Every structure is written in C-alpha cells, then in structure tokens.
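Here the numbering used here is used: the first residue of the sequence shown is 1, the next is one more, and so on.
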Amino acid sequence: MSEHDVFLALPSKCCDSAFAGPHRSEFKALLDELRRNEVDVYCPLEEVGWNATAYVDDPVVTMKSRLDQISNSRHVVAFPQVGEHTSSGVTMLIASTFERDIPLTIVLCGEDAFASEWQLAGLCGLSKQEGGDCAIIFYTGSVAHCWNKLRNRVCAERESRKLQVGSSSDCPWGEQYQWYWDNRLNFFSKWEDPDGNQLIDCDLTGLYTVKPELISRDIAEHLGGNTVLDAFAGVGGVSIALAKAGKSVIAVEKDKKRVDMLKSNLSLYGVSDSVEVVNGDIFDVYEQYNFDSVYLDPPWGGPSYKSRDSFHMRHFKVGGVTKLRRLVGYCLNNNKDIAFTVPNNFDFPEFSTFCRKYAEGRGAGSSVSHNMSLRWGKLNDRVLFLTVFLDTTRRVAK
Ligand SMILES: C[S@@+](CC[C@H](N)C(=O)[O-])C[C@H]1O[C@@H](n2cnc3c(N)ncnc32)[C@H](O)[C@@H]1O
Numbered sequence: 001m002s003e004h005d006v007f008l009a010l011p012s013k014c015c016d017s018a019f020a021g022p023h024r025s026e027f028k029a030l031l032d033e034l035r036r037n038e039v040d041v042y043c044p045l046e047e048v049g050w051n052a053t054a055y056v057d058d059p060v061v062t063m064k065s066r067l068d069q070i071s072n073s074r075h076v077v078a079f080p081q082v083g084e085h086t087s088s089g090v091t092m093l094i095a096s097t098f099e100r101d102i103p104l105t106i107v108l109c110g111e112d113a114f115a116s117e118w119q120l121a122g123l124c125g126l127s128k129q130e131g132g133d134c135a136i137i138f139y140t141g142s143v144a145h146c147w148n149k150l151r152n153r154v155c156a157e158r159e160s161r162k163l164q165v166g167s168s169s170d171c172p173w174g175e176q177y178q179w180y181w182d183n184r185l186n187f188f189s190k191w192e193d194p195d196g197n198q199l200i201d202c203d204l205t206g207l208y209t210v211k212p213e214l215i216s217r218d219i220a221e222h223l224g225g226n227t228v229l230d231a232f233a234g235v236g237g238v239s240i241a242l243a244k245a246g247k248s249v250i251a252v253e254k255d256k257k258r259v260d261m262l263k264s265n266l267s268l269y270g271v272s273d274s275v276e277v278v279n280g281d282i283f284d285v286y287e288q289y290n291f292d293s294v295y296l297d298p299p300w301g302g303p304s305y306k307s308r309d310s311f312h313m314r315h316f317k318v319g320g321v322t323k324l325r326r327l328v329g330y331c332l333n334n335n336k337d338i339a340f341t342v343p344n345n346f347d348f349p350e351f352s353t354f355c356r357k358y359a360e361g362r363g364a365g366s367s368v369s370h371n372m373s374l375r376w377g378k379l380n381d382r383v384l385f386l387t388v389f390l391d392t393t394r395r396v397a398k
C-alpha cells in the first residue's frame, strides 16, 4: 500500500449545512492547496463524495475500516467538532496513532476552542499509558489561522524528507557520535562547503545539542513576539532561525568558547545584525532585557536522561530547579510567550500543574490559562526532543 503524507480525518458532519464548524468547501480548499504543494493526502470523506448531503458514518466504524491507511500515513490530522474533543472517533484515533508512532495533529477551529492544559496533560498521559512516544499538536483559533499553520507544517515535513547527507567521514569526536556527524548538514545546511571544508564553528556539545535547521525554523515560526530571548543559545541553531524569521534576538550563552562559535555562525548565516549576543548566566541577566517571548533549551545533563522513567524540571542541568522555575514563572507572569524544548520522557503533568499554579496566582480576575501546544523534533525517524509552546498573550484580564 502506498504511503501518504497525511491522513485527514474530517468531522463527520461537515457536509451537513447545519454544521457549525468549517464547511466542506473550506476543507476542500485546504485539501486542494495541500495537493498543489505536492502533499499526498488521504481523506476518507472523499470516498463518500463531497456532494453527499450528509456524511453521517459512525466515526469509529470509519476509523476501524481505515486502519491500514492510518498505518501507511506519516501524519494524522483530525478536526474534532468543538465540544466533542474526547468523542469516540478522536479517542480511537489517538490510540491508533500512538500504537503506530504516528504524529497526530488536532485542529480545534473557532475562537473559543482553546485547548486547555488538562487536555494536553491528559492526552500525554494516555500516550505514556499506551507506551507510545508520539506528539499531539493542537492548533486552535480561526479557520484561516489553523489552515495556515497546518499547511506550513505538512509542507515543512515534506521538505524535511529531502534530507541531506554529508560526505561520509568518521566523526572527529568518536564513533558514538557518528549519527550526529552524518546529520551535520541537517543541523546546519552551511556546515561545510561543496569540497567538504568545515565552515560552521562547533564543539562536540554543540553538535549533539543543536536543534536541526528545519525544526529550528518550525520553532521560530511558531513562537510569537518580535523580540525573542534565546536563553540557552549554544552554537546558535535556533538563534539563526529566529533571526531569519525576522525577529530581533537576544542570545545568551554562558560558555565563552561557545559564544565565539555562536558569533561566527551568526556571521556565516548573515544574521549578526539581528542578534545581540550576551556572554553570561541567563539567570543573572534576563530581567535586564525587554523581550516578548523566550526560547528555553536548557541542558539535559548528557545521555543519562534516557534512563529515567520520567524527566522532571529538577533534572535540567542548570544549577538548581528553583532558578528555572523562577524564569518560567517570570515569563508567565509577564505575558511572555514561551517555547521550551524538553526530552521525550518529560513529565508534562508536573509542568502543567506548575504553569496552572501561575495562572491561578494571577487571581480571580485573570482568564483561565495560556494556550499550550506540543511539537516534536524528529530527524530521520528519530524523535530527538519535544517543544512545548505556551502562548500567554491570550491571558487577558476579564
Ligand atoms: C541545549 S544547548 C542549546 C542549543 C541551542 N538551542 C542550539 O540550537 O544550538 C544548551 C546551552 O546552554 C548553555 N547554558 C547552560 N547553562 C546556562 C546558563 N545558566 N546561562 C546561559 N547559558 C547556559 C550551555 O553552555 C549550552 O551551550
């Protein structure tokens, strides 16, 4: 059976003229646009026909009869009807995608349809229970906003399959890092010139902690704000992407040698003018800067993180969990959007509870919570990390 880029599960009632969500014509426009971008989409609704007056198949029956197509898709996108997030069809999709390690995107259209933290935490809990390591991504907001995000994401995924392979050579830091070395052009497309001469300035830690270029671009596109604080900048993977996305960046890095590498890499990508480089400890300096959003990529403390059942906030190697909590709390309290890259075994319920505490701390007058979403960082079928996005800008006082 052929592989599909996307399995598009549309709400069963979208052909019904009384349906409150996006109408079939809007879904059809989305589908046409994806195909114009050469994305291979499988959509069960097409088998029924766009002209059906009412598509009322039982969603569970529909999904059960299409498990083969789900298995052969790289990404499943579901549009549950607002108010029915946990309907049997979606629950079944979650279980089937987790079982098969297929990423699932849940799109909730409509201004009021914001995914709440407990949903995210609950669904991630389900992921653990099912033994999967898949990510769920929520897109919420207007139809135009969701369509835009979705199109960008699946097109970027398509691009990312055109991965590059560097000239084969032994990793200078030893064979245990060979996978990272073989992927060096996916971390930095300008790693070397066509003759194989290295252009990027990078040490071993930089090699295995830098975020791949395509995923950095995705993070930069998804994180709001004009001025971004890249709190743990490293050798600059994400700072470069943020600058290329048109943002002003304040890049903080503690290690002096890596600061020099960062500067050299910013210059190679022609973005030095958009990035203020700070050599310092983020916890000493963040309150001195004006920024709209923050990117957090603290060190995990080496490969031992994998052996933990659950990776907690206290396990980041930043010299004490209190400092990290205080920084996250400062951003939440000051309405700064956050993107936070974490390991696959990160304890989301703990983090979610922590964030809720801050939301509640704003008092009875504050509206519920920040919009939370989760995106995964996958390279060559290996899930390297997850990035949690907290959009705090919607937390306006009633
Ligand atoms: C995971 S790496 C960042 C990788 C980076 N996002 C990229 O894409 O290239 C973490 C970096 O944070 C730096 N770091 C650790 N503690 C820090 C602190 N307290 N303040 C600033 N930088 C710190 C480390 O030296 C390391 O380079």
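Glycine residues also receive a C-beta, built at the ideal position from the N, C-alpha and C atoms. If you're wondering where the values come from, they're calculated on a predicted model, not measured in any experiment.
When the Cα atoms are used, what is the spatial distance from residue i to residue j?
i      : j      : result
His23  : Pro299 : 45 angstroms
Phe316 : Ser239 : 21 angstroms
Ser169 : Asn183 : 11 angstroms
Gly206 : Cys155 : 28 angstroms
Pro212 : Cys202 : 14 angstroms
Asn279 : Leu327 : 18 angstroms
Ala220 : Ala245 : 6 angstroms
Ala144 : Leu229 : 28 angstroms
Ala364 : Tyr330 : Note on Ala364: pLDDT 42, under 50, position unreliable in the model; no value is reported.
Val48  : Lys13  : 12 angstroms
Asp32  : Tyr286 : 45 angstroms
Looking at C-alpha atoms only, which residue of the options is the closest neighbour of residue i?
i      : options                        : result
Lys324 : Gly237, Arg356, Ala231, Asn290 : The question names Lys, but residue 324 is Leu in the sequence shown. Looking at the Cα atoms, Ala231 is the closest of the given residues.
Asp281 : Asp260, Gly302, Lys263, Val252 : Val252
Gly301 : Tyr208, Gly236, Lys257, Pro349 : Tyr208
Val277 : Phe283, Val294, Lys254, Ser293 : Lys254
Ile338 : Leu204, Asp391, Lys190, Leu374 : Asp391
Ser73  : Pro80, Leu332, Pro44, Gly49    : Pro44
Phe354 : Pro343, Asn333, Leu223         : Asn333
Glu46  : Asp193, Glu38, Tyr305, Ser25   : Ser25
Lys190 : Leu30, Cys146, Gly270, Asn290  : Gly270
Val383 : Ser272, Ser264, Pro343         : Pro343
Pro11  : Leu34, Ile70, Ile106           : Ile106
Output needed for residue i: all residues of its chain with C-beta closer than 6 angstroms, excluding positions within five of it in sequence on either side, in chain order.
i      : result
Met92  : Val60, Met63
Ser216 : Gly237, Val238, Ala241
Val318 : Pro298, Leu324
Thr341 : Asp297, Phe385, Thr387
Ile102 : Val76
Phe283 : Lys323
Val321 : Met313, Arg314
Leu8   : Val41, Cys43, Val77
Asn37  : Cys155
Glu3   : Asn72
Taking DSSP's pairing of strands, which residues face residue i in a bridge?
i      : result
Lys378 : Val383
Asn279 : Glu253
Glu192 : Gln198
Phe389 : Ala339, Ser373
Leu229 : Ile250, Val294
Phe311 : Phe346
Ala9   : Ala78
Ser73  : His4
Would you check whether ligand 2 has a heavy atom nearer than 8 angstroms to the C-beta of residue i?
i      : result
Gly377 : Ligand 2 is not part of this structure, which contains only ligand 1.
Within its chain, find whatever has a CB closer than 7 angstroms to the CB of residue i; leave out the 5 residues flanking it on each side and keep chain order.
i      : result
Asn226 : Lys247, Ser248, Asp292
Leu67  : Ser96
Val275 : Ser239, Ala243, Val249, Ala251, Leu266
Ser310 : Asn345, Asp347
Ala233 : Ser239, Ala251, Val252, Glu253, Leu262
Asp193 : Leu199
To which residues of the same chain is residue i closer than 8 angstroms at the C-beta, ignoring the five residues directly before and after it?
i      : result
Asp381 : none
With residue i and residue j assumed to form a contact (beta carbons below 8 angstroms), what rounded beta-carbon distance in angstroms separates them?
i      : j     : result
Arg153 : Val39 : At roughly 10 angstroms, the Cβ-Cβ gap does not stay under 8 angstroms, so Arg153 and Val39 are not in contact.
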